[in-house]
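Inspection log for the structure reproduced underneath, given as structure tokens.
In our numbering, the protein residues as written are 3 to 826.
Dropping the structure here:
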């Protein structure tokens, strides 16, 4: 701190002084509780922060900390100040920072002109002894431009001969030189204390005036007087600043001098919240220092802390520090404490990862092993391994003394080593990316990516049960073969025409595999899949077997199976000859010869009854086709009916009726074309019925009139018995109400479904069974007496099917008979 004589000398010399007061009362300033700053020079230059982190101040006051600068920061200097016996640089940005050369280095601008040197201040008492408060350079002259003679260790005692302009001439170790007085303790004899001024009061208290007191419009004698408050009056104090109190009296508010107010009559309130100082902040008292009950000289003294004591600082506000000493907590003037050591900012240490055993370029059916080490300032949380971008596991960790001894700056360096093995069985043939990713506890990551090529024996899939182009006619078929992979087979999936239909059973015993020595599981490489052929389409079907290896490798085998139809058998209890003779015995079986109908022989009947004559015939096989509904485009049906007389244009009527009655529309149209002579028959084009027989199909039955007469239609020859087909066919149509072509089509289809195809009793769901029915009620429930009727229908169906692409796969029911005896 500057002495009064020195301050006056500086003022006379034109040097600016900055005064920071902890408290100013009506009396004199109190010693040990005031901050004084003086401009030493206006030299400009650049300083560089040497400390790990250094505080900057908002004003030339050691208590006005505002922010820190890290090591290496360069700042522009515009002035140098002495503050309480130590030095600060004023920065171009308006902040202040310590000029201690232990914390900063300074380079003066060559064009900088220093401020006029003030007149030398009177030397302080010669021969006093002081203690260095830091490692301190002793120079050949009073300034940083002089060369360094020696560095005096912190805590050393030096003899001070004189102090001028912030530099002390001292003797140490038998040598005399100059040191910065800011880093010396105060003289052994502390300044005598001055009378304690009236304390500044906390806001909101009540006090009494000690004299008639002027209340002014502002905090100073230059402001106008509002009124005079009588001696002994009580006033409410809302705030105190700079020796002036803002008060309320008589309903008016104004300012009065605090020198003429009593001490607060209420209990001193707790100080306002203060900035929190790190718990490790410890400072040293530079003088014998009073610790008070509150942040001001008006508060009572708790204890006097001796000079040189180390005390923890909890907070600093308004020039007062909240401290703890001897188990007691109170407030001291912060200006008489040593400067706080700026917190050491630990440098950020980067994450390091090294892969010692990185993946090779090529692996021949072998495991991939990865080893290395990783460090992070926060510690390593985990090291994960990714194969082709997909995480497959976490590496095991272990100690690496070589790494941990070499990188001692990393606190968390235990278990820095890592290792992970990717089994060969999980890596498919080909090129892969392997990524090693270290993850820090704070979320930091670092990764390395490598390329690895896996070379193995190629996988094999082979179908042995079917050859390409094989015809499948059974309802189910079993596909068998074998699948090989050096890593093992995970599954064999089965696809039909591009759609997966299931997985084959794998791991079946397989013989004849001796040549596949590279595959350890060749003897159990068989697979089997039972195929439901109903799901196939008519014609070619692509069957694809896809083997997936345990390493993810895919291998497939594709075959084509032909499935125009599938066959089921229906067994009858008698021989074919038996049923042929029974049909002949009925006496109604006929055949057409040269356009005429004649009686058929037993051999004629047997020929058309025998499935062996037709099941391999591209036309005849359709007599065994199940007649259930299939979806056919309306345009195809229109094409079938085009130019077919009265049936032309009726495709939608046929399709709707077939769908609702579950009958194949191709068959139904073929049936109608046959029965109507391609839409030209008399019954199909309408018959006017004027009378009808009381008993159907009895010419001798009485006849009754139909009034009015009705035109009827019959598209399927239903009831049109041989000899009088038009008569009986029209009377049946009348009975059924088929009075329009559409009604005749829909009604006829419904009759076929209910009476034959979908009838639960007769079950005549093929052309063959509609013509020849052998079981149940005998051979009488048959649609036609023409022994070749079913073949003629099949011819029309085949002709129309040939025009339709992508037909569904049909089901065929093949009759089988009891074995013939030789005598038959």
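For each residue, glycine too, the CB sits at the ideal point set by N, CA and C.
Distance CB(residue i)-CB(residue j) smaller than 8 angstroms
i           : j           : result
residue 462 : residue 485 : yes
residue 811 : residue 568 : yes
residue 238 : residue 219 : no
residue 316 : residue 286 : no
residue 665 : residue 759 : yes
residue 397 : residue 405 : no
residue 659 : residue 685 : no
residue 453 : residue 433 : yes
residue 724 : residue 682 : no
residue 417 : residue 399 : yes
residue 544 : residue 499 : yes
residue 572 : residue 817 : yes
residue 736 : residue 705 : no
residue 833 : residue 457 : This structure cannot settle anything about residue 833, because the visible part of the chain is limited to 3 through 826.
Burial state of residue i, where buried means 16 or more other Cβ atoms lie within 10 Å
i           : result
residue 701 : exposed
residue 599 : exposed
residue 560 : exposed
residue 620 : exposed
residue 784 : buried
residue 337 : buried
residue 474 : buried
residue 113 : Residue confidence for residue 113 is low, a pLDDT of 49 falling below 50, so the modelled location carries little weight and cannot support an answer.
residue 771 : buried
residue 303 : exposed
residue 766 : buried
residue 823 : exposed
residue 206 : Bear in mind that the predicted position of residue 206 carries a pLDDT of just 47, short of 50, making it unreliable; the figure below should be weighed with that in mind. Flag for residue 206 reads exposed.
Alpha helix (DSSP H) segment containing residue i, residue limits
i           : result
residue 477 : Element bounds for residue 477: n/a, residue is neither H nor E.
residue 588 : 578-588
residue 656 : 653-663
residue 749 : 743-754
residue 637 : 636-643
residue 673 : 667-678
residue 773 : 769-773
residue 611 : 604-611
residue 406 : 403-408
residue 685 : 684-687
Secondary structure of residue i, DSSP reduced to three states
i           : result
residue 415 : coil
residue 791 : helix
residue 71  : strand
residue 288 : coil
residue 734 : helix
residue 358 : strand
residue 434 : strand
residue 120 : Interpretation of residue 120 is limited by its pLDDT of 39, a score under 50 that renders its predicted location unreliable; the figure taken from the coordinates is listed afterwards. Correct three-state label for residue 120: coil.
residue 813 : strand
residue 88  : strand
residue 711 : strand
residue 557 : strand
residue 470 : coil
residue 1   : Since the first residue shown for the chain is 3 and the last is 826, residue 1 is missing from the structure and cannot be characterised.
residue 110 : strand
residue 625 : helix
residue 822 : coil
residue 2   : Look at the range of the chain in this structure, 3 to 826, and you will see that residue 2 is not part of it.
residue 807 : coil
residue 542 : strand
residue 490 : coil
Anticipated Cβ contact below 8 angstroms, residue i with residue j, distance rounded
i           : j           : result
residue 327 : residue 305 : 7 angstroms
residue 93  : residue 68  : Contact doesn't hold; Cβ gap of about 11 angstroms is too wide.
residue 284 : residue 313 : 7 angstroms
residue 84  : residue 179 : 20 angstroms between Cβ atoms; not a contact.
First and last residue of the uninterrupted beta strand (DSSP E) at residue i
i           : result
residue 215 : 215-218
residue 599 : 598-601
residue 141 : 138-141
residue 229 : 227-231
residue 450 : 447-457
residue 335 : 330-335
residue 56  : 55-59
Below-8 angstroms beta-carbon distance, residue i vs any chain B residue
i           : result
residue 414 : Considering every chain present, this structure includes no chain B. It has just one protein chain.
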